[in-house]
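Quick notes on the structure that follows.
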Amino acid sequence: MTANRSRYDGVSLSAAAKRTEDGKSFLFSSRLQAANAGGEAHWLVESTNKTIIVSSRVVTSNGNELEYVAYAGSVITDEGTPINPSPLNIAQSLKSTVKVHSSPSFSDKGIKLVPSYLPGSAGGFLSPASGNLYANEQENVLPPNTRLLLEVSNSGDVNPADIELYIVWTEVDDPAPFQS
């Protein structure tokens, strides 16, 4: 089933493609380092008055044993460094309402949501590549005024691990899948 016809070439579009064409989809990427033996990298993502449909999360790293997890209900003491999201359609002038920060400070991480273990590779003679890639294309819906603390922890032996996080989302007033 398709949502609408493209204004550019008239082809039928899925709901996600239509939202991107309309300028409602955004991306942020950020690189942080995490020392081994439990070092952590953190990002803060906060929705405002829109419903957020997260469509993609990707973690890349030269680290060889990591865990990615989101926390809800965190107690944030300092938001950290702001990150400006980029639109997926630069022909549109809409700006993201989502607030994103790297390296926030907190006194309580909150409730741990489902973690994802990233085993990676240690490299070596028969396996020269090392590093990690985690990609999750499962859509998740965040209601308005939701705050998540994202964490990647390093339990491997790459010290420090360079961690790159990419998040793609769409901002909607009504999360109905085929809005026009």
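In this note's numbering, the protein residues as written are -19 to 160. For every residue, glycine included, the Cβ atom is placed at its ideal position computed from N, Cα and C.
Bridge partner(s) assigned by DSSP for residue i
i	result
ILE70	Answer is none; ILE70 lacks a bridge partner.
SER5	THR150
VAL38	ALA115 and TYR146
ALA14	ALA141
Inter-residue Cα distance where the pair is residue i and residue j
i	j	result
ASN64	SER(-8)	31 Å
THR0	THR150	8 Å
SER160	LYS89	Caution applies to SER160, whose pLDDT of 45 falls short of 50 and renders its modelled position unreliable; the value that the coordinates give is listed next. SER160 and LYS89: Cα-Cα distance of roughly 38 Å.
ASP153	ILE32	9 Å
LEU93	THR126	14 Å
VAL138	LEU68	33 Å
THR40	SER5	21 Å
LYS(-2)	SER73	16 Å
PRO62	LEU24	9 Å
Residue interval of the alpha helix (DSSP H) (run including residue i)
i	result
ALA(-4)	-5 to 1
Endpoints, beta strand (DSSP E) assigned at residue i
i	result
VAL152	141 to 152
ASN134	127 to 134
ASP58	55 to 58
LEU24	19 to 26
ASN120	120 to 122
LEU46	46 to 52
PRO62	61 to 63
LYS30	Taken as a continuous stretch (DSSP letters only), LYS30 belongs to no beta strand (DSSP E), as it is neither H nor E.
LYS89	Where LYS89 is concerned, there is no enclosing beta strand (DSSP E), given that its DSSP letter is neither H nor E.
VAL80	79 to 82
SER76	Unbroken run through SER76: none, as it is neither H nor E.
Residue i vs residue j beta-carbon contact at 7 Å
i	j	result
VAL78	SER10	no
ASN16	GLY111	no
GLY60	ALA141	no
LEU164	SER76	This structure cannot settle anything about residue 164, because the visible part of the chain is limited to -19 through 160.
TYR146	VAL80	no
GLY3	GLU45	no
PRO95	ASN29	no
ALA(-4)	ASN134	no
ILE91	ALA52	yes
Close-in-space but distant-in-sequence residues of the same chain around residue i (CB under 6 Å, 5 per side omitted)
i	result
SER36	GLU117 and VAL148
TYR97	GLU47
GLU131	GLU20, HIS22 and VAL49
LEU122	SER27 and ILE32
Same chain, Cβ closer than 7 Å to residue i, five either side skipped, listed in chain order
i	result
ASN120	VAL34
LEU12	ALA21, SER82, SER83 and ILE143
PHE86	SER54, VAL55, ILE56, THR57 and LEU129
Residue i CB to nearest heavy atom of the ligand HEM below 6 Å
i	result
VAL55	Questions concerning the ligand HEM fall outside what the structure shown contains, since it holds no ligand whatsoever.
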